[in-house]
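Undergrad:
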Amino acid sequence: MDFLKTLGIEEKNYGGSTGQQWLTTTTEGELKIYSPVDGKFIASVYQCSPKDYESIIQKANEAFIEWRKVPAPKRGEIVRQIGLKLREYKEPLAALVSYEMGKSLQEGLGEVQEMIDICDFAVGLSRQLYGYTMHSERPSHRMYDQYHPLGIVSTVSAFNFPVAVWSWNAMLAAVCGNVNLWKPSSKVPLTAVAVQKITAQVLKENNLSEGIFSLIVGKGSTIGEAMLNDKNIPLISVTGSTPVGKHAAEVVAKRFGRVILELGGNNAIILTPDADLKLAIPAVVFGAVGTAGQRCTSTRRLIIHESIYDKVKDSLLKAYSSLKIGNPLDQINHVGPLIDKNAVTIFKNALVQAEKEGGKVIFGGESLEGEGYESGCYIVPALVEAENHYHIVQEETFAPILYLIKYSGDVSQAIALNNGVVQGLSSSIFTNNMREAEEFLSAWGSDCGIANVNIGTSGAEIGGAFGGEKETGGGRESGSDSWKQYMRLQTNTINFGTTLPLAQGIKFEL
Ligand code: NAD
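When the letters of the sequence shown are read in order and numbered with this note's numbering, they come out as residues 71 to 580.
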C-alpha cells in the first residue's frame with residue numbers, strides 16, 4: 071500500500087523514539103496490527119521495555135532544560151512547521167488512520183485536519199500566554215501572575231482518535247514550553263509511529279535536540295503504570311475509558327501529580343415537540359452511527375417527547391434502513407467496522423442485556439458476513455426502545471446502539487433524563503422554542519461539558535474547550551483557556567519602594 075511507504079511504515083517497526091532516534095528493543099513482544107477494514111495484516115510494532123522508558127525519560131528531562139528557555143513564539147514556529155508538514159502528509163496519514171482504526175476516509179481526513187487546525191491555534195497561542203496584573207494593597211508594590219511550563223507532559227490516547235488527541239495535548243503543551251511523551255493505544259500504534267516520523271523531520275530541519283517529542287509503545291501494565299507512578303511526569307493527560315481514567319487519577323494523585331481526564335460519555339439528544347425534525351433526524355443518525363458509534367461524543371440516548379415519538383421512530387427506521395455498511399475507505403458507505411471482534415461481542419451482549427431489562431431491539435444488531443466483511447468486525451447499527459434507568463442504558467457501550475427514550479411533560483423532565491447518568495460529556499436539544507433552549511443551557515439545564523442547540527452531540531470544534539463533567543473526568547483540552555492546564559501558575563510581588571510594609575496591615579517592628 072502506497073500510503074504505508076510514504077509514511078515510512080515498514081513491515082516491522084520500533085515503538086520507542088525520542089525524536090529522530092528510535093530505540094531498537096525487540097524482546098518485549100510485537101504488536102501485530104490487522105486492519106478492521108479487511109482483516110489483513112498491516113505491519114507490526116515492537117513494544118518498549120522498562121529500560122527504554124528510563125532512557126526516554128532521561129532524554130526528555132534533558133530536552134526540557136533547553137526547551138523551556140526557547141521563547142514561546144519560537145516554540146510556536148516549530149509547531150507551525152509541524153502543521154505544514156501535516157498538510158503535506160494529510161492524505162496518506164488519513165488513509166492510515168482509516169485503515170488501522172476503521173473510520174471513514176472522510177473522518178480520517180477530518181481528524182488530520184483537526185491536527186492541522188490545532189497547530190494553527192497553538193501558533194497564535196504562543197504569542198498570548200498571558201497572566202493578569204493586579205493592584206497591590208501595599209504602596210510601591212507591583213503584583214502579577216505568570217505561567218511557567220511544567221516539564222514532561224505525557225499523553226495517553228484512546229484508539230478511536232489515534233492522532234488528533236495527541237495533537238490537542240502535545241501542540242498546546244509544546245508552545246507552553248513542555249516536552250511531550252506519547253503512549254498511544256496498543257490497538258493503533260502505526261499511526262503514532264507515522265506521526266513521530268513526520269514530527270522528526272521538523273526537528274531535524276531545525277537542529278533540535280532529542281526528547282522534545284517522544285513516543286513509547288508498550289503495555290499499560292508495565293509502561294503505562296511506570297508513567298502513572300513517575301514523579302518525572304508532572305502532568306498526564308489520559309483519554310480513554312472511565313475505569314482506566316479513574317485508576318490513573320488515583321495513582322497520579324498519590325504522588326501529587328496532575329491529570330487531565332477525557333473519559334467515557336453517554337450523550338443524549340432531546341427532541342421536544344418544537345424540534346425541527348429536518349435538522350434533527352440527520353444529526354441523530356450521524357451522531358449515533360458515525361465512526362460506527364465509537365466516538366466519545368456519539369449519540370447514545372434519544373430523549374423524545376411522547377407527542378412526536380412515533381413520527382421520530384418511523385423516520386429513524388427509514389433512515390437506518392438506507393444506511394450503507396462496508397469498507398470505510400469507499401465513500402459510498404456510511405458505517406465502517408468496529409475496532410475488533412471483541413467490540414462486536416460487547417455490542418451484541420449489550421443488546422441481549424437491554425432486552426433482558428425490558429427493552430426492544432427494533433432495528434439492527436446483526437453481524438455481517440461474507441464478501442467485504444471478512445474482518446468479522448461489521449455489524450448493523452441498532453435502535454432500541456428503552457428506559458433511562460436500565461443498567462445497560464446507564465453504561466457507555468462503545469458501539470452504534472441508540473436507545474429511544476420517551477418523555478412526557480415539559481422540558482425539565484427531558485433535562486432530568488439527560489442528566490440522569492453518571493457521565494457528563496456531550497448533550498443537545500432540538501427545539502425552536504427559545505424558553506426550552508435557554509432552560510437547557512441554564513445553570514439548572516444540562517450538566518454536561520458540551521451542550522448544543524439544534525446541532526448533534528458529536529463533532530466539536532477545536533476553538534472551544536473540550537471535555538466533560540462527572541465520570542467523564544472533568545478535564546478540558548483544545549481551545550478556550552485549556553492551555554493553562556499545561557502550565558504552573560506563579561504569583562509575583564515586587565517592592566520598588568524604600569520600606570517593607572507587610573500584607574494585611576501586620577506590624578513587625580525591630
Ligand atoms: P481504554 O481505556 O481501553 O484505553 C485508553 C488508553 O489507556 C490506551 O492508550 C491504553 O493503552 C491506556 N491504558 C490502559 N491501561 C493503562 C494503565 N494501567 N496505565 C496507563 N495507561 C493505560 O480506552 P479505548 O478503548 O482505547 O477508548 C475508548 C474509550 O475512550 C471510550 O470510553 C471513550 O468514550 C473514551 N474516549 C474519551 C474521549 C474524551 O475526550 N472524553 C475521547 C476519545 C475516547
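Where is the CB? At the ideal position from N, CA and C, for every residue including glycine. If you're wondering where the values come from, they're calculated on a predicted model, not measured in any experiment.
Which same chain residues end up closer than 7 angstroms to residue 298 when comparing Cβ atoms and leaving out the 5 residues on each side of it in sequence?
TA: Position 228 of the sequence shown holds residue 298. Excluding residues within five positions, the ones whose Cβ falls inside 7 angstroms are 306, 318, 321 and 322.
Undergrad: Taking the CB atoms as reference points, tell me whether residue 226 and residue 146 lie closer together than 8 angstroms.
TA: The residue labelled residue 226 in the question sits at position 156 within the sequence shown. The residue labelled residue 146 in the question sits at position 76 within the sequence shown. It is not a contact, given that the beta carbons lie outside the stated cut-off.
Undergrad: Which residues bound the beta strand (DSSP E) around residue 565?
TA: Translated into the one-based positions of the sequence shown, residue 565 becomes position 495. Its beta strand (DSSP E) spans residues 557-565.
Undergrad: Run the proximity test for residue 260: is its beta-carbon closer than 7 angstroms to any non-hydrogen atom belonging to the ligand NAD?
TA: Start at 1 with the first residue of the sequence shown, and residue 260 comes out as number 190. Residue 260: no, Cβ never under 7 angstroms from the ligand NAD.
Undergrad: Could you compute how far the alpha carbon of residue 312 sits from the alpha carbon of residue 428?
TA: Taking the sequence shown and counting its residues from 1, one reaches residue 312 at position 242. Taking the sequence shown and counting its residues from 1, one reaches residue 428 at position 358. The alpha-carbon atoms of residue 312 and residue 428 are separated by roughly 26 angstroms.
Undergrad: Might you give, ordered along the chain, the residues of its own chain that have their beta carbon closer than 8 angstroms to the beta carbon of residue 199, omitting 5 neighbours on each side?
TA: Here residue 199 corresponds to residue number 129 of the sequence shown, with the count starting at 1. Closer than 8 angstroms at the Cβ level, and outside the excluded window around residue 199, lie 142, 217, 245, 246, 553 and 557.
Undergrad: May I ask you to check if the CB of residue 538 is nearer than 7 angstroms to at least one heavy atom of the ligand NAD?
TA: The sequence position of residue 538 within the sequence shown is 468, counting from 1. Within 7 angstroms of the C-beta of residue 538 there is at least one heavy atom belonging to the ligand NAD.
Undergrad: Count Cβ pairs between the stretch 398-408 and the stretch 170-177 that sit closer than 8 angstroms; are there 3 or more?
TA: yes
Undergrad: Does DSSP classify residue 480 as helix, strand or coil?
TA: Indexing the sequence shown from 1 puts residue 480 at position 410. Coil at residue 480, not helix or strand.
Undergrad: How is the alpha helix (DSSP H) around residue 171 delimited, first residue to last?
TA: Within the sequence shown, residue 171 is the residue found at index 101, counting from 1. Where residue 171 is concerned, the enclosing alpha helix (DSSP H) stretches over 160-171.
Undergrad: What ranges does the beta strand (DSSP E) occupy inside the stretch 479-523, keeping only unbroken runs of at least 3 residues that lie completely in it?
TA: Listed in chain order, the complete beta strand (DSSP E) runs (minimum 3 residues) inside the stretch 479-523 are 496-500 and 520-523.
Undergrad: Taking 7 angstroms as the cut-off, is the CB of residue 311 close to at least one heavy atom of the ligand NAD?
TA: Indexing the sequence shown from 1 puts residue 311 at position 241. Checking the Cβ of residue 311 against the ligand NAD gives yes.
Undergrad: Report whether the distance from the Cβ of residue 646 to the nearest heavy atom of the ligand NAD is below 7 angstroms.
TA: A query on residue 646 cannot be resolved here, the shown segment of the chain reaching from 71 to 580 and no further.
Undergrad: Using 8 angstroms as the threshold, is the stretch 251-260 in touch with the stretch 377-392, meaning 3 or more CB pairs across them?
TA: no
Undergrad: How many whole angstroms separate the CB atoms of residue 284 and residue 94, which I take to be in contact at a CB cut-off of 8 angstroms?
TA: As a first step, residue 284 is located in the sequence shown; it is residue number 214 there, counting from the start. As a first step, residue 94 is located in the sequence shown; it is residue number 24 there, counting from the start. The Cβ separation is near 15 angstroms, so there is no contact.
Undergrad: Looking at residue 108: is its Cβ nearer than 8 angstroms to the Cβ of residue 332?
TA: Stepping through the sequence shown from its first residue, residue 108 is reached at position 38. Stepping through the sequence shown from its first residue, residue 332 is reached at position 262. No, they are not a contact pair.
Undergrad: Which residue or residues does DSSP assign as beta-bridge partners of residue 325?
TA: In the sequence shown, residue 325 corresponds to position 255, counting from 1. DSSP, once it has assigned bridges, lists no residue as partnering residue 325.
Undergrad: Beta-carbon within less than 7 angstroms of residue 185's beta-carbon, same chain only, minus the 5 sequence neighbours each way: which residues are those?
TA: Along the sequence shown, one-based indexing puts residue 185 at 115. Once the five neighbours on either side are set aside, the close Cβ partners of residue 185 are 156, 233, 234 and 237.
Undergrad: Do residue 291 and the ligand NAD come close, with the Cβ less than 7 angstroms from some heavy atom?
TA: Stepping through the sequence shown from its first residue, residue 291 is reached at position 221. A heavy atom of the ligand NAD is found nearer than 7 angstroms to the CB of residue 291.
Undergrad: Between the beta-carbon of residue 449 and the beta-carbon of residue 414, is there less than 8 angstroms?
TA: As a first step, residue 449 must be located in the sequence shown, where it is residue number 379. As a first step, residue 414 must be located in the sequence shown, where it is residue number 344. A Cβ-Cβ contact shorter than 8 angstroms links residue 449 with residue 414.
Undergrad: Among 195, 357 and 329, which has the Cα closest to the Cα of residue 336?
TA: Start at 1 with the first residue of the sequence shown, and residue 336 comes out as number 266. For residue 336, the nearest C-alpha among the options comes from 357.
Undergrad: Taking Cβ to Cβ, would you say residue 487 is nearer than 8 angstroms to residue 447?
TA: Counted from its first residue, the sequence shown places residue 487 at position 417. Counted from its first residue, the sequence shown places residue 447 at position 377. Against a cut-off of 8 angstroms, the Cβ pair of residue 447 and residue 487 comes out as no contact.
Undergrad: Compare the beta carbon distance of residue 339 and residue 526 with 8 angstroms and say whether it is the shorter of the two.
TA: By one-based count along the sequence shown, residue 339 stands at place 269. By one-based count along the sequence shown, residue 526 stands at place 456. Against a cut-off of 8 angstroms, the Cβ pair of residue 526 and residue 339 comes out as a contact.
Undergrad: Can you pull the DSSP bridge partners for residue 337?
TA: In the sequence shown, residue 337 corresponds to position 267, counting from 1. DSSP, once it has assigned bridges, lists 369 as partnering residue 337.
Undergrad: Cα-Cα, which of 292, 167 and 139 is closest to residue 263?
TA: Position 193 of the sequence shown, counting from 1, holds the residue named residue 263. If we check each option's Cα against that of residue 263, 167 comes out closest.
Undergrad: Since residue 181 contacts residue 164 with CB under 8 angstroms, what's their CB separation in whole angstroms?
TA: Position 111 of the sequence shown, counted from the first residue, corresponds to residue 181. Position 94 of the sequence shown, counted from the first residue, corresponds to residue 164. That belief holds up - the Cβ atoms of residue 181 and residue 164 are roughly 7 angstroms apart, short of 8 angstroms.
Undergrad: So does the stretch 197-215 actually touch the stretch 254-261, counting three or more Cβ pairs closer than 8 angstroms?
TA: no
Undergrad: So, using beta-carbon positions, are residue 84 and residue 92 closer together than 8 angstroms?
TA: Along the sequence shown, one-based indexing puts residue 84 at 14. Along the sequence shown, one-based indexing puts residue 92 at 22. Taking 8 angstroms as the Cβ cut-off, residue 84 and residue 92 qualify as a contacting pair.
Undergrad: Comparing alpha-carbon positions, which option in 160, 115 and 328 lies nearest residue 583?
TA: The question about residue 583 has no answer, for the chain in this structure spans 71 to 580.
Undergrad: What residue range is occupied by the uninterrupted beta strand (DSSP E) comprising residue 356?
TA: In the sequence shown, the residue the question calls residue 356 occupies position 286. Careful: residue 356 lies outside any beta strand (DSSP E), inside the alpha helix (DSSP H) at 347-359.
Undergrad: Could you tell me the distance, in whole angstroms, from the CA atom of residue 474 to the CA atom of residue 372?
TA: As a first step, residue 474 must be located in the sequence shown, where it is residue number 404. As a first step, residue 372 must be located in the sequence shown, where it is residue number 302. If I take the Cα positions, the gap works out to 5 angstroms.
Undergrad: Applying the criterion that 16 or more other CB atoms from any shown protein chain within 10 Å of the CB defines a buried residue, is residue 65 buried or exposed?
TA: The shown model of the chain, from 71 to 580, leaves out residue 65, and the question about it has no answer.
Undergrad: Return yes when the Cβ of residue 534 is within less than 8 angstroms of the Cβ of residue 549, no when it is not.
TA: For the purposes of this step, residue 549 is taken as residue 479 along the sequence shown, with counting starting at 1. For the purposes of this step, residue 534 is taken as residue 464 along the sequence shown, with counting starting at 1. Contact: yes.
Undergrad: Using the Cβ count rule (16 or more neighbours within 10 Å means buried), how would you classify residue 325?
TA: Here residue 325 refers to the residue found at position 255 of the sequence shown. With fewer than 16 other CB atoms across the displayed protein chains lying within 10 angstroms of its CB, residue 325 is exposed.
Undergrad: Compare the C-beta of residue 177 against all C-beta atoms of chain D and say whether one is closer than 8 angstroms.
TA: Among the chains in the structure shown there is no chain D, since it carries only a single protein chain.
Undergrad: So which of 472, 343, 460 and 577 has the shortest CA-CA distance to residue 499?
TA: Start at 1 with the first residue of the sequence shown, and residue 499 comes out as number 429. Per the Cα distances, 343.
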